[in-house]
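In this note's numbering, the protein residues as written are 17 to 329.
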């Protein structure tokens, strides 16, 4: 990492300019190749400190958390810079496979075939670290009277071939055709919601229905729901803003819904809760290990809570 020496430049008057010129001429007059001054009074030039970079890539859900960790850790250890980037869990896993990242942040568990490819391309086993919990919230517009929804109803809304296409099928007091906002298919959030909400039919994974607006980031989903009266979208609970509501979710229709929250996510009472991961190729060492240890420490877990996610303890 390049270091920048800041020089305070003052405005010098004529006499000082002459003195400076004289000193410059005196310096130029020294014999070439002369050894630098040594002895008790000499101060050796300070060697620039090398900054270690740790590359982190992956989940867009985790990007605000990863950035929070990076900024806080830089204060704790100025000699280490964690460079956090998003792109989606799948993108982070691909970077781990081709050796272009040190850490992969993922909002879903790595798949067996992805794990095997890391081993094939790097010669190292994947190491997994659970670093936080999250709850996938189902967001609606504040103008919508619906307050609760079941997993069964969500499946009929989001899955291919589902039978619910308008809000009045969920609650007779609600109006408007459902406008759905989700994530792109390189997102761990996309994968998790598809697997846990769309479910399986005849032993095969059901896909999302057509017509869903697939967006780059979690915040973008929430922003679109906020400006769409009949909108619905899914994102991590850490992306809640005053401009949207989230729905209580029950496992079955007729049961009491559970609101996303710290205790409900950690205990599993909220039906759409999940773990958040950091993956490495091989056992982490040196500064990378020190950073992961810090993430798992009480100091690192304070950042988890600060960013709206659920700490491990």
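Glycine included, each C-beta is placed from N, C-alpha and C at the ideal position.
Which partner residues does residue i have in the DSSP bridge list?
i	result
residue 262	155
residue 221	216
residue 119	72
residue 296	143
residue 199	231
residue 149	291 and 326
residue 182	193
residue 175	224
Let me know the secondary structure DSSP gives residue i once reduced to three states.
i	result
residue 193	strand
residue 81	helix
residue 52	Low confidence applies here, because residue 52 scores a pLDDT of 48, under 50, leaving its location unreliable; read the following figure in that light. Three-state result, residue 52: coil.
residue 142	strand
residue 249	strand
residue 104	coil
residue 271	coil
residue 165	strand
residue 160	coil
residue 283	helix
residue 330	This structure does not reach residue 330, given that the chain is present from 17 up to 329, and the question cannot be answered.
residue 187	coil
residue 31	Its pLDDT being 37, under 50, residue 31 is placed unreliably in this model, and the value from its coordinates should be taken loosely. In this structure, residue 31 counts as helix in the three-state DSSP scheme.
residue 98	strand
residue 277	coil
Given a threshold of 16 other Cβ atoms within 10 Å of its Cβ, counted over all protein chains shown, does residue i qualify as buried or as exposed?
i	result
residue 169	buried
residue 317	buried
residue 254	buried
residue 114	exposed
residue 258	exposed
residue 116	exposed
residue 163	exposed
residue 329	exposed
residue 130	buried
residue 272	exposed
residue 284	exposed
residue 73	buried
residue 179	exposed
residue 218	exposed
residue 150	buried
residue 201	exposed
Near residue i, which residues of its chain fall below 6 angstroms by C-beta distance, leaving aside the five closest residues on each side in sequence?
i	result
residue 280	274 and 286
residue 237	197, 231, 249 and 251
residue 158	261
residue 208	124 and 290
residue 167	267 and 287
residue 187	162
State the CB to CB distance for the pair residue i and residue j, rounded to an integer number of angstroms; the pair is presumed to be in contact (CB under 8 angstroms).
i	j	result
residue 103	residue 120	Between residue 120 and residue 103 the Cβ distance is about 10 angstroms, and since that is not below 8 angstroms, they are no contact.
residue 323	residue 80	5 angstroms
residue 9	residue 204	No answer is possible for residue 9: it lies beyond the span of the chain, which begins at 17 and ends at 329.
What residues in its chain sit with their C-beta under 7 angstroms from that of residue i, if we drop five residues either side in the sequence?
i	result
residue 133	113
residue 327	148, 317, 320 and 321
residue 78	121, 123 and 292
residue 191	183 and 184
Only counting the same chain, and skipping five residues up and downstream in sequence, which positions put a Cβ closer than 8 angstroms to that of residue i?
i	result
residue 262	153, 154, 155, 156, 253, 256, 275 and 276
residue 226	176
Can you determine whether any heavy atom of the ligand MG sits closer than 7 angstroms to the C-beta of residue i, and answer yes or no?
i	result
residue 226	In the structure shown, the ligand MG is absent, as is every other ligand, since no ligand is present at all.
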